[in-house]
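Participant: Have a look at this one.
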Amino acid sequence: MVLTVVKFGDPVLRRKGARIESITPEVRQLIADMFETMHAAKGVGLAAQQVGHALQLTVLDIRGIRDRQSQLWFDRQPADTESFMPLVLINPLVRPLGELVSGPEGCLSFPHIYSEIVRTAEVEVTAQNERSETYSFRAGGLLARAIQHEVDHLNGILFIDRMDTTSREDLKFEIDELQAGTRAALTRR
Ligand code: ZN
7 MVLTVVKFGD PVLRRKGARI ESITPEVRQL IADMFETMHA AKGVGLAAQQ VGHALQLTVL
67 DIRGIRDRQS QLWFDRQPAD TESFMPLVLI NPLVRPLGEL VSGPEGCLSF PHIYSEIVRT
127 AEVEVTAQNE RSETYSFRAG GLLARAIQHE VDHLNGILFI DRMDTTSRED LKFEIDELQA
187 GTRAALTRR
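Numbering (my numbering), first residue to last: 7 to 195.
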């Protein structure tokens, strides 16, 4: 089922996700619905907060993105990124690695708002998958950026928090409008 993507202004986006201790049928259904929602919205990542659940759960899928490269390593060996997709990260721990790089980002909770964001070029990730198996890998490029963006969501951090002052000022009107619109819709509900 395609779920409604929560927009900026909804307080759930600021909530830190609770750890998932067991993969219940509800969690499994939520994962399936999150994939459906992300693919329908043509996003590369979606966090549980973005569909109204403050949990340590995010899904990613960078297949089909041709203009921005991703890298992946298992046990220091390069691996095929595409065949590793789609990706479920439950209770992820992320260690930033490498140099800081600037790159364009958008967010399904901020329609039509894009900005350059500085993040590390690589990350080391340990997480559980939908079968509760713990796995670790290292990612670079777009995948590393998407993982950092999504894991921020799980901690209530949004990409506007990481914009430089100039970008944040330039987008102030659009961001304020979005927030006001979301809040107005919430009070009407
Ligand atoms: Zn986002």
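From the three backbone atoms N, C-alpha and C, an ideal C-beta is built for every residue, glycine too. Keep in mind it's a predicted model, so treat the numbers as computed, not measured.
Should L114 be listed as close to the ligand ZN, given that the test is whether its C-beta is under 7 Å from any heavy atom?
Facilitator: Yes, the Cβ of L114 comes within 7 Å of a heavy atom of the ligand ZN.
Participant: Could you check if F14 belongs to the surroundings of the ligand ZN, using beta carbon to heavy atom distance under 7 Å?
Facilitator: It does not: the Cβ of F14 is nowhere closer than 7 Å to a heavy atom of the ligand ZN.
Participant: Which first and last residues belong to the beta strand (DSSP E) in which P102 is found?
Facilitator: It spans L93 to C113 - the beta strand (DSSP E) in which P102 sits, taken as one unbroken run.
Participant: Using CA coordinates, which residue listed in D182, E180, E88 and P31 is at the minimum distance from D67?
Facilitator: If we check each option's Cα against that of D67, E88 comes out closest.
Participant: Would you mind listing the beta strand (DSSP E) stretches within the segment 107 to 185 that are 3+ residues and don't spill past its ends, in chain order?
Facilitator: The qualifying runs are 116 to 134 and 140 to 146.
Participant: Below 8 Å, can you find three or more Cβ-Cβ pairs linking the segment 10 to 23 to the segment 145 to 162?
Facilitator: Short answer: they touch.
Participant: Would Q185 and F14 be called neighbours here (beta carbons separated by less than 8 Å)?
Facilitator: Taking 8 Å as the Cβ cut-off, Q185 and F14 qualify as a contacting pair.
Participant: Say whether chain B places a C-beta atom closer than 8 Å to the C-beta of L66.
Facilitator: Annotation note: the requested chain B is absent from the structure, which comprises a single protein chain.
Participant: Is H155 a contact residue of the ligand ZN, with contact defined as CB to any heavy atom under 7 Å?
Facilitator: Within the cutoff, so yes.
Participant: Less than 7 Å between the CB of H59 and some heavy atom of the ligand ZN, yes or no?
Facilitator: H59: no, Cβ never under 7 Å from the ligand ZN.
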